[in-house]
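Below you'll find the structure, written out as structure tokens, and then a few comments.
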Amino acid sequence: MESKTLHCQDCGKDFDFSEDEQKFFADKGFGDPKRCPDCRSAKKQSRRGEKNFTKITCAECGAEADVPFVPREDGPPVLCKPCFDAKKK
159 MESKTLHCQD
169 CGKDFDFSED
179 EQKFFADKGF
189 GDPKRCPDCR
199 SAKKQSRRGE
209 KNFTKITCAE
219 CGAEADVPFV
229 PREDGPPVLC
239 KPCFDAKKK
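Our numbering puts the first residue of the sequence shown at 159, with every later residue one more than the last.
Quick look at the structure:
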């Protein structure tokens with residue numbers, strides 16, 4: 159199997175579809191991509207929507223951090239990512 163050059167339906171640029179990518183797509187049962195990696199990434203981002211972040215002070219270490227939710231006043235203590243990850247272990 160050789161690398162293919164494909165044409166992006168969104169931006170119109172040609173892009174390389176490598177042997178490894180072809181194998182990955184085939185293993186997943188996908189056809190050839192219609193968008194270049196940049197346009198695929200942009201489309202994926204737009205589907206996710208933009209998250210609104212809230213500034214918090216970590217209840218564990220006191221560091222300022224951004225979290226992708228609005229903490230409830232009567233909810234559990236809010237932690238920064240490093241403290242949250244340490245608690246999970």
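Even glycine gets a Cβ: it sits at the ideal position worked out from N, Cα and C.
Computed from a predicted structure; not experimentally measured.
Since residue i sits in a beta bridge, which residues does DSSP pair it with?
i: K162; result: F175
Checking 8 angstroms against the spacing of the C-beta atoms, do residue i and residue j come in under that value?
i: E222; j: C241; result: no
i: F175; j: D196; result: no
i: C194; j: F227; result: no
i: Q167; j: K186; result: no
Quick one: residues in its chain with C-beta nearer than 7 angstroms to the C-beta of residue i, no 5 flanking neighbours on either side, listed in chain order?
i: A200; result: none
i: P229; result: T212, I214 and V236
If residue i and residue j are in contact, beta carbons under 8 angstroms, what's the gap, nearest whole angstrom?
i: E179; j: E160; result: That pair is no contact at about 12 angstroms.
Spatial neighbours of residue i within its chain, please: C-beta separation below 8 angstroms, excluding the five flanking residues on both sides.
i: E231; result: none
Excluding the 5 residues flanking residue i on each side, which residues of the same chain have their C-beta closer than 6 angstroms to its C-beta?
i: R198; result: none
i: K162; result: F175
Secondary structure, alpha helix (DSSP H): runs of 4+ residues fully inside the region 164 to 244: 177 to 186 and 195 to 206
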